[in-house]
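Read in order, the letters of the first sequence correspond to residues 328 to 896 in the numbering used here. Just so it is clear, CB atoms sit at the ideal spot from N, CA and C, and this is done for glycine as well. If you're wondering where the values come from, they're calculated on a predicted model, not measured in any experiment.
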Amino acid sequence: MRWSRALIPTHKEDPSHAETVSHKLMLRAGLIRRLTSGVYNYLPLGWRVVRKVEAIVREEMDRIGCQELLMPVISPSELWQETGRWNVYGKELWRVHDRNGREFALGPTHEEVITDIVRNEVRSYRQLPFTLYQIQTKFRDEIRPRFGVVRAREFIMKDAYSFHENDDSLSVTYDAMYDAYCRIFDRCELDYRPVEAATGAIGGSASHEFMVLCDTGESEVIVCECGYAATDERAEGLIATVMPPEEPLSAEPVDTPGMKTIEDVSLFLGMEPWRLIKTIVYVADGEPVVALIRGDRDVNEEKLAGLLGASMIEAAPPAVVEKVTGAPVGFAGPIGLSGVKLMVDNSVEPLVNAVVGGNAVDVHIRNVTPGRDFSVDGYCDIARIGKGDLCCKCGKTLDSFRGIEVSQVFKLGTKYSDSMKATFLNENGKAMPFVMGCYGLGVSRTVAAIIEQHSDEYGIMWPMSVAPFEVEILAVKFKNEKVREASEQLYDELRAAGMDVLLDDRHDSPGVKFKDADLIGVPVRVTIGERGLKEGTLEIKMRRTGEQRDVAIEEATAEIVKIVEEARA
RNA sequence: CGGGGCGUGGCGCAGCCCGGUUAGCGCGCCUGCUUUGGGAGCAGGAAGUCGGAGGUUCGAAUCCUCUCGCCCCGACCA
């Protein structure tokens, strides 16, 4: 490509509304342009990178025997009704209707559609297992689009779905997919960690997320030196006890006028927050549930939902709280509750002489001891675990890091095949539900993640494997006949050798070209100018290492081809 | 959705509090000449219904009301 003919609109200044490195650089280097909130145009340079990432994904999917197909973006609501996700998915599901008022979803993921295909086309266990995938534009009406392409409402995703006779077969594919993802992210030269994950709206029994390490990432990962790693939504752990040994005293009510929060009550009574027991009313799949946890900790709603087997959970609205506790929000406590399930976190067990809500206006109860003053069926782990807590595997202190979630894999089991009645005949002629796995990978997000990890103050530093161009020929003073001839010749030779080459043939000053070259981050820069030509040389400079050297013109093509081929993943 | 902020040529901003000629500045863009190894110089030029609607006023980018859009912080997820 000749720069003079290319649409590569670079900017000198940072865009005003971008915060993160990748967002700024994608805009400045002319990779993307925003169309509206969370929706982006991929300009030619950005699209080239997307295509390179896609190519790597395709190679690795095909390597493990997956087949590519393409499903529609639009799918009818009926399919989503079958699995219940038309309701469960919530506002994030982007809904549209046709001229007859019939409702459709813009696909956020395609379990329903793929299951529909397979239930119609696959009859026998002899056809199993297999894996189908597509690379396609997805839609999620995110509450808050953010960080450019990292959290967009329209984005590019690779989604794969595997179908099996049984769990063992699923595990084989799951592991193969896990390995394929490692190869993909290795080839993108990302520093990443696979971690245990919660299953969320997609569902299923086991899941991992691949996290790219990045301080501005939206996800928090809890890690232990023993190797345990999980998202903060998923992480299990132990909360260190801070309760000193104490003689239990008799429970008694105490006036707490207007004190509705843990902070209020602890200040008012002059007690540390951990001496309080936080009582929170939730509604899980329509049923009220009460959760108890130590006052200085938060409930992990994903874990709570998991233990309850609920698909939807949310904090109860005030009316429900009043109905359950008999008091307005702020005075809920476990004593005297009836007809409602009580979920008590492990952190509550060691407490003695704790403070709880009195289930009456402006009243709390102190000197409460769990098990004595209210009955507990059993303790469970519903706490949000964080840095400083103790590892559930080895007991050591946990650490954390932030990351960008670039992919997530799930063992779905029969969640979708059951609800959609997707079955095959096993060797005994019996109809069995398909055992399924699904495997998502955010392609456009991966591009942003690569930039987060590969840039400096001057711009992007692409890994060779995904660079929009592998070589940029920077012609200083393109007007000069000798410069032009040498540049054109090298350009032709490199292209003939199969290189992706960008020739900066613009008549701009050298400074502009050097700055732009650094900004768009092509890995190999070849500078051709009068100065070098006098000596019969040109300069090769590596964007990432800064390493540069002069090479004789006759040897240049071979030398550059060698550099590029060695660096290709 | 709650909280905070912002909408002024393509980009980045000033002007707004305290209303008053042709709405400025930097970058970019066009023409010409000179220049060309790290964002060149000179000369000339094009480009803005000041997000939109309504109102107050002799007069509104500026004040008031409504509205739309965008960004940031929290609850969702690849």
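DSSP, reduced to helix, strand and coil, places Phe-482 within a strand of the structure shown. It is roughly 45 Å from the alpha-carbon of Phe-737 to the alpha-carbon of Arg-693. In the DSSP assignment, Lys-861 falls within the unbroken alpha helix (DSSP H) covering 857-862.
Secondary structure note for Lys-840: its alpha helix (DSSP H) is the uninterrupted segment 837-847. Looking at the backbone, the Cα of Lys-748 and that of Pro-342 are separated by about 51 Å. Within the DSSP bridge table, the entry for Cys-707 names Asp-672 as partners.
Gly-764 is bridged by DSSP to Ser-489, Lys-738. Assigned with DSSP and collapsed to three states, Glu-552 falls in coil, not helix or strand.
Burial is judged here by how many other beta carbons sit within 10 angstroms of a residue's own beta carbon; Cys-765 has at least 16 and is buried. Looking at the DSSP output, Trp-421 bridges to Leu-433. In this structure, the straight-line span from the alpha carbon of Arg-329 to that of Asp-506 is close to 39 Å. When the alpha-carbon of Phe-466 is set against those of Ile-511, Arg-450, Lys-418, the nearest one is in Lys-418. A residue is called buried once 16 or more other Cβ atoms fall within 10 Å of its Cβ, and Gln-780 is buried on that count. In the structure shown, the three-state DSSP call for Asp-559 is coil.
For Thr-773, there is no enclosing beta strand (DSSP E); the enclosing alpha helix (DSSP H) has its first and last residue at 770-780. For Val-384 against Val-770, the beta-carbon gap comes to about 7 Å, under 8 Å, which counts as contact. About 6 Å separates the beta carbons of Asp-559 and Ile-549, which is inside the 8 Å limit, making them a contact pair. With respect to the 9 Å criterion, Leu-829 and Lys-485 are not classified as neighbours on the basis of their beta carbons. By the beta-carbon neighbour count (other beta carbons within 10 angstroms, threshold 16), Leu-594 is exposed. Fewer than three Cβ pairs drawn from the segment 852-868 and the segment 780-789 lie within less than 8 Å of each other, which leaves the two stretches out of contact.
Sequence-distant partners of Ser-638 (beyond 5 residues in either direction) whose C-beta falls short of 7 Å from its own C-beta, in its chain, are Val-415, Asp-612.
Within the DSSP bridge table, the entry for Val-853 names Ile-800, Ile-867 as partners.
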